[in-house]
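Written out below as structure tokens is the structure these notes cover.
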Amino acid sequence: MYIHWVGGNDLAAAIAQPTMAQQIAGNSATSAAAQVGLLLDAGAGLVVVPNVPDISATPMLLEAVITAGLGAAAPPALKAALEALAEGATPDFASRQQAIRKALLAAAATVSSNPFIQQLLVEQLLAGYEKAAGQASALTDYYNQMEEKGLEQHGGNIARADINGLFKEILANPQAFGLTNTVGMACPPGVSASACSSAMPGFNASQDYLFADHLHPGPQVHTIIAQYIQSIIAAPVQATYLNQSVQSMAQGSRTTLDSRYQQLRQGENPVGSLGMFGGYSGGYQRYDNNEADGNGNHNNLTVGVDYQLNEQVLLGGLIAGSLDKQHPDDNYRY
């Protein structure tokens with residue numbers, strides 16, 4: 002199995018070059034799909050290809066807007082804004098928007114002490130942010146669509162993980178995923194997630210953050226992503242085990258019925274005679290392959306009656322029941 006996940010850094014570079022943004026995104030998506038094709042052509046059994054989450058939700062976008070909007074006054078404004086973003090909880094989308102506005106107000110306060118000028122700057126920066134967010138979101142969708150189109154040109158086993166959809170669910174209800182802040186970041190400003198640790202000065206552990214740095218999700222979110230990807234890989238296999246109990250019961254009933262047929266063939270069954278028959282089957286099954294490592298227990302009971310109507314016609318019926326416990330793997334049982 003291979004995981005091929007690229008695109009976020011290319012989109013970050015693309016929004017910094019608005020006139021070439023779509024070209025950069027398109028080239029990156031086309032190259033990504035081609036790389037997946039090379040893996041499949043080389044014999045890869047399964048390639049997991051997550052899409053790119055909406056980069057408009059990243060702290061990086063707000064950084065870009067403040068930097069572009071305030072010019073030389075941006076450094077202290079940016080510091081104040083990032084500190085404000087990291088402070089409070091954002092349990093829903095409305096509180097997230099309020100936190101962004103609060104951060105812009107903190108940035109404006111470093112430029113002027115005049116409340117009127119501060120509000121004017123906030124409205125200008127907010128308008129710029131909303132425009133940039135719309136463009137970044139559209140660019141993300143374009144990238145994902147272009148990669149999807151490219152992947153369709155290749156045969157093979159591709160699992161497309163909708164990380165963009167997962168991020169939207171997290172933003173809408175972060176508390177359901179164990180997160181408290183979706184706008185700030187845990188790592189100190191300017192420190193990449195790859196170089197960041199909780200022991201370094203400036204690391205913020207006051208909240209459970211969606212983002213580690215200004216672009217990348219934190220370890221807790223990576224765990225959520227891993228669990229999601231594992232679930233979509235395992236789901237088809239787990240679904241196939243849902244019919245184990247039905248198959249076992251049907252097989253037990255057929256065995257009991259076949260035994261009754263053999264009995265009737267070997268002995269006389271006078272016209273008008275009423276017969277009863279039944280059978281039990283059960284067993285322990287071990288699942289041990291690439292997709293599952295578990296076990297199952299099944300217990301099946303079949304009871305039936307028949308009536309010899311005449312020499313040519315035998316009427317009958319049966320009822321079957323099953324008590325089945327399946328545990329194909331550690332995360333799945335019924």
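FYI, in the numbering used here the residues of the sequence shown are 2 to 335.
The C-beta atom is built at its ideal place from N, Cα and C for all residues, glycine as well.
Note that this is a predicted model, so its numbers are computed, not measured.
Inset, instruction - Could you round the C-beta distance between Tyr-144 and Val-53 to whole angstroms and report it? I think they count as a contact, below 8 Å. - result: Distance from Tyr-144 to Val-53 at the Cβ level is roughly 6 Å; contact confirmed, criterion being Cβ atoms closer than 8 Å.
Legend entry - CB of Leu-71 within 8 Å of CB of Ala-78, strictly: Yes.
Legend entry - Where the beta strand (DSSP E) through Asp-325 begins and ends: Looking at the DSSP string, the run of the beta strand (DSSP E) that includes Asp-325 is 315-328.
Legend entry - Alpha carbon of Asn-301 to alpha carbon of Leu-275, nearest angstrom: In this structure, the straight-line span from the alpha carbon of Asn-301 to that of Leu-275 is close to 24 Å.
Legend entry - Straight-line gap, Glu-153 to Glu-170 (C-alpha atoms, nearest Å): Glu-153 and Glu-170: Cα-Cα distance of roughly 26 Å.
Legend entry - Cβ-Cβ separation, His-215 to Glu-64 (assumed contact under 8 Å), whole Å: Between Glu-64 and His-215 a beta carbon distance of about 6 Å is seen, short of the 8 Å cut, so the two are scored as contacting.
Legend entry - Helix, strand or coil at Pro-60 [DSSP, three-state]: Secondary structure of Pro-60 (DSSP, three-state): helix.
Inset, instruction - Report the option in Arg-161, Ser-282, Gln-18, His-5 whose CA atom is closest to the CA atom of Arg-255. - result: Of the candidates Arg-161, Ser-282, Gln-18, His-5, the residue whose Cα lies closest to the Cα of Arg-255 is Ser-282.
Inset, instruction - Note down the Cα distance separating Ala-1 from Pro-76, rounded to an integer number of angstroms. - result: This structure does not reach residue 1, given that the chain is present from 2 up to 335, and the question cannot be answered.
Legend entry - Spatial neighbours of Gln-125 in its chain, beta-carbon cut-off 7 Å, leaving aside the 5 residues before and after: Same-chain partners within the cutoff: Gly-70.
Inset, instruction - Would you list the one or two residues that DSSP bridges to Gln-309? - result: Note: Gln-309 sits in a beta bridge opposite Leu-315.
Inset, instruction - Check whether the Cβ atoms of Gly-305 and Gly-317 lie closer than 8 Å to each other. - result: Annotated as proximal: Gly-305 and Gly-317, with beta-carbon spacing under 8 Å.
Inset, instruction - Measure from the alpha carbon of Pro-329 to the alpha carbon of each residue in Leu-258, Val-238, Tyr-308, then state which is nearest. - result: Closest by alpha carbon: Val-238.
Inset, instruction - Check each candidate in Tyr-262, Ala-58, Tyr-308 and name the one with the smallest Cα separation from Leu-172. - result: For the residues Tyr-262, Ala-58, Tyr-308, the minimum Cα distance to Leu-172 belongs to Ala-58.
Inset, instruction - Report, in whole angstroms, the separation of the C-beta atoms of Asn-25 and Gln-36, which I expect to be a contact under 8 Å. - result: Checking the sequence, you will find Ile at residue 25 rather than Asn. Wrong, their Cβ atoms sit about 17 Å apart, outside the cutoff.
Inset, instruction - At 3 residues or longer, and completely inside the stretch 69-150: list those beta strand (DSSP E) runs for me, N to C. - result: Qualifying beta strand (DSSP E) stretches: none in this window.
Inset, instruction - For the stretch 39-52 and the stretch 106-114, state whether three or more C-beta atom pairs, one from each stretch, are separated by less than 8 Å. - result: Short answer: they don't touch.
Inset, instruction - Would you kindly report the start and end of the unbroken beta strand (DSSP E) that includes Ala-160? - result: Per DSSP, the continuous beta strand (DSSP E) segment holding Ala-160 begins and ends at 159-162.
Inset, instruction - Can you have a look at Ser-246 and say buried or exposed, based on whether 16 or more other CB atoms are within 10 angstroms of its CB? - result: Around the CB of Ser-246, 16 or more other CB atoms lie within 10 Å, so the residue is classed as buried.
Inset, instruction - Taking Lys-132 as the reference, give the member of Gly-273, Pro-271, Ile-16, Gly-44 with the closest Cα. - result: Cα-wise, what sits closest to Lys-132 is Ile-16.
Inset, instruction - Return the CA-CA distance between Pro-218 and Met-61, expressed in angstroms with no decimal places. - result: For Pro-218 and Met-61, the gap between their C-alpha atoms comes out near 12 Å.
Inset, instruction - Could you please give me the residues that DSSP links to Ile-4 through a beta bridge? - result: When DSSP reads this structure, Ile-4 sits in a beta bridge with Val-49.
Legend entry - DSSP beta-bridge partners of Arg-287: Answer is Asn-296.
Inset, instruction - Measure the beta-carbon distance from Ala-137 to Ile-56 and round it to whole angstroms, keeping in mind my assumption that it falls under 8 Å. - result: So it is a contact: roughly 5 Å between Cβ atoms.
Inset, instruction - Return the residue from the list Lys-150, Gly-295, Gly-185, Leu-140 that minimises the CA-CA distance to Pro-92. - result: Residue Gly-185 is the option with its Cα nearest to Pro-92.
Legend entry - Residue burial classification, Pro-202 (beta-carbon count within 10 angstroms, cutoff 16): Looking at its Cβ environment, which holds fewer than 16 other Cβ atoms inside 10 Å, Pro-202 is exposed.
Inset, instruction - Could you tell me the distance, in whole angstroms, from the CA atom of Met-250 to the CA atom of Pro-220? - result: In this structure, the alpha-carbon of Met-250 lies about 45 Å from that of Pro-220.
Legend entry - Pairwise C-alpha distance: Ile-233 and Asn-28: Cα to Cα, Asn-28 sits roughly 28 Å from Ile-233.
Legend entry - Beta-carbon gap between Ser-260 and Gly-280 smaller than 8 Å: Going by C-beta atoms, Ser-260 is nearer than 8 Å to Gly-280.
Inset, instruction - Between the Cα of Ser-32 and those of Gln-120, Met-21, Ala-74, Val-7, spot the shortest distance and give me the residue it belongs to. - result: For the set Gln-120, Met-21, Ala-74, Val-7, the Cα lying nearest the Cα of Ser-32 is the one of Val-7.
Legend entry - Cβ-Cβ separation, Leu-12 to Thr-141 (assumed contact under 8 Å), whole Å: Correct: roughly 6 Å between the Cβ atoms.
Inset, instruction - Specify the secondary structure class of Asn-174 as computed by DSSP and reduced to three states. - result: Three-state DSSP puts Asn-174 in coil, outside helix and strand.
Inset, instruction - Quick one: using the 10 Å Cβ neighbour count with 16 as the cut-off for buried, is Thr-224 buried or exposed? - result: Under this definition Thr-224 is an exposed residue.
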